[in-house]
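Trainee:
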Amino acid sequence: MHIVVCIKQVPDSAQIRVHPVTNTIMRQGVPTIINPYDLVVLEEALRLRDQFGGKVTVLTMGPPMADESLRKALACGADAAVLLTDRFFAGSDTLATSFALSTAIKKIDAEEPVDIVFAGKQTIDGDTAQVGPGIAKRMGLNQLTYVSAIRSLDLGSRSIVVERRAEGGTQVLTTGLPCLITMLEGSNVLRRGSMPDMFRAARAEITTWNAEQAGVEDITKCGLRGSPTVVKKVFAPKPRNEKAVLVETEGKSDAEIAQAAIDALFTANPKLEAEIPELVLAS
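With the first letter of the sequence shown counted as 1, position 262 gets the number 272 in our numbering; the numbers rise by one all the way through.
(1) How long is the line joining the alpha carbons of Glu177 and Gly72, rounded to whole angstroms?
(2) Roughly how many whole angstroms lie between the Cα atoms of Gln140 and Ala76?
(3) What do you get for Glu54, buried or exposed, if any count of 16 or more other CB atoms within 10 angstroms of its CB means buried?
(4) Spatial neighbours of Leu165 within its chain, please: CB distance less than 7 Å, with the 5 preceding and 5 following residues excluded, ordered by chain position.
(5) Is Arg175 near Leu194, with beta carbons less than 8 Å apart?
(6) Beta carbon of Ile13, beta carbon of Val66: below 8 Å?
(7) With a Cβ-Cβ cutoff of 8 Å, do Ala106 and Gly225 count as a contact?
(8) With distances taken from CA atoms, which of Lys248, Val244, Ala284, Pro188 is nearest Ser127?
(9) In whole angstroms, give me the CA-to-CA distance for Leu291 and Ala265.
(10) Under 6 Å Cβ to Cβ from Gly186, same chain only, skipping five residues before and after it: list those, please.
(11) Under 8 Å by Cβ, that's how I've got Asn45 and Gly130 pegged, so tell me the actual separation to the nearest angstrom.
(12) So, for Arg81: in the same chain, excluding its five sequence neighbours on each side, which residues have a beta-carbon less than 8 Å away from its beta-carbon?
(13) In this structure, how does DSSP classify Ile286 when only helix, strand and coil are distinguished?
(14) Assuming Ala274 contacts Val255 under a Cβ cut-off of 8 Å, what Cβ separation, rounded to an integer in Å, is found between them?
(15) What's the gap between the Cα of Ser79 and the Cα of Asp89?
(16) Helix, strand or coil for Ser162, going by three-state DSSP, please let me know.
(17) Indicate the three-state DSSP secondary structure (helix, strand or coil) for Thr192 in the structure shown.
What follows is the structure, encoded as structure tokens:
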């Protein structure tokens, strides 16, 4: 079994800076981490590898320094790592990113057939949750999103059963392989890497592909040129001067607490009490 895990090296969300002209995230000089949602799928891939055997390949697209995240994944137990890095990839939105990653996965699949592609639910920088489904669409894979647990995997029948969180409950879904899976946070906890894996990761040779080596034939579909998304404005919300109203609850009944909250609401919004009858009649 061969599993590909797509990860992303993201800026520490506490220290993000935005380019004033292009409105893209400036990564130079900002501490980076592996996207937390990607750690969930990495652990799940390693668990399946440990149970059924096979190989886990981690894949990322980014600047040369993104190999740090790949080495961390190798230190946790991944078997191989591929880095897509090229100036043509700079500034990619989710459409261009899914194009580049899916092209690379197709090349990996041609060399060693891929059974499952894992991707994080979303990233903490873009926060779109579009790249995983975009890869599935471009590759024609069945996609299982918002998965909370993998119930079973049968390599003989080439099928997988998962639990997927949905409104009002949990869905149990079965699909065939190959497929793409995105998972929810809290589904598992990434293991600590062993000393042998850490030493292996430090010495490992990361496979590095530029656009041509990855099999990208049309570079106009990559980077800013291949990204129809335009960020009109990025700004930090202005701090508010108002302070929260504290409603004391100790020694009070539920009715008294509710009345105190209503009184505080009307005090902060004097016109609201007069408008309520009109709102009720309108509804």
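Think of the CB as a built atom: it goes at the ideal place given N, C-alpha and C, for glycine as much as any other residue. Computed from a predicted model, the values in this text were never measured in an experiment.
Mentor: In this structure, then:
(1) The count along the sequence shown starts at 1 and reaches residue 177 at position 167. The count along the sequence shown starts at 1 and reaches residue 72 at position 62. Glu177 and Gly72: Cα-Cα distance of roughly 35 Å.
(2) Position 130 of the sequence shown holds residue 140. Position 66 of the sequence shown holds residue 76. So the alpha carbons of these two residues sit roughly 21 Å apart.
(3) Here residue 54 refers to the residue found at position 44 when the sequence shown is read from its first residue. Buried, by the Cβ-count rule.
(4) Within the sequence shown, numbered from 1, the residue matching residue 165 stands at position 155. The answer, listed in chain order, is Met11, Phe62.
(5) The count along the sequence shown starts at 1 and reaches residue 175 at position 165. The count along the sequence shown starts at 1 and reaches residue 194 at position 184. Taking 8 Å as the Cβ cut-off, Arg175 and Leu194 qualify as a contacting pair.
(6) Indexing the sequence shown from 1 puts residue 13 at position 3. Indexing the sequence shown from 1 puts residue 66 at position 56. Contact: yes.
(7) Taking the first residue of the sequence shown as 1, we reach residue 106 at position 96. Taking the first residue of the sequence shown as 1, we reach residue 225 at position 215. The answer is no: Cβ separation not under 8 Å.
(8) Position 117 of the sequence shown, counting from 1, holds the residue named residue 127. It should be noted that the sequence gives Val, not Ser, for residue 127. For the residues Lys248, Val244, Ala284, Pro188, the minimum Cα distance to Val127 belongs to Pro188.
(9) Counting from one through the sequence shown, the residue named residue 291 turns up at place 281. Counting from one through the sequence shown, the residue named residue 265 turns up at place 255. Because Leu291 sits at a pLDDT of 49, beneath the cut-off of 50, its placement in the model cannot be relied upon, and the following sentence gives the value as read from the coordinates. Straight-line Cα distance between these residues: approximately 25 Å.
(10) What you label residue 186 is simply residue 176 of the sequence shown in a count that begins at 1. Correct list, in chain order: Arg168, Ser169.
(11) Numbered from its first residue, the sequence shown carries residue 45 at position 35. Numbered from its first residue, the sequence shown carries residue 130 at position 120. Rounded, the Cβ-Cβ distance is 5 Å, consistent with contact.
(12) Within the sequence shown, the letter at position 71 stands for residue 81. These residues qualify, in order along the chain: Ala91, Ala211, Ala212, Ala214, Ile216.
(13) Here residue 286 refers to the residue found at position 276 of the sequence shown. DSSP places Ile286 in helix when its eight states are reduced to three.
(14) In the sequence shown, counting from the first residue as 1, residue 274 sits at position 264. In the sequence shown, counting from the first residue as 1, residue 255 sits at position 245. With 8 Å as the limit, Ala274 and Val255 qualify as a contact, their Cβ atoms being about 5 Å apart.
(15) Walking along the sequence shown from the start, residue 79 turns up at place 69. Walking along the sequence shown from the start, residue 89 turns up at place 79. C-alpha separation (whole angstroms): 14 Å.
(16) By 1-based counting over the sequence shown, the position of residue 162 is 152. Strand, per DSSP.
(17) For this step, residue 192 is matched to residue 182 along the sequence shown. Three-state DSSP puts Thr192 in a strand.
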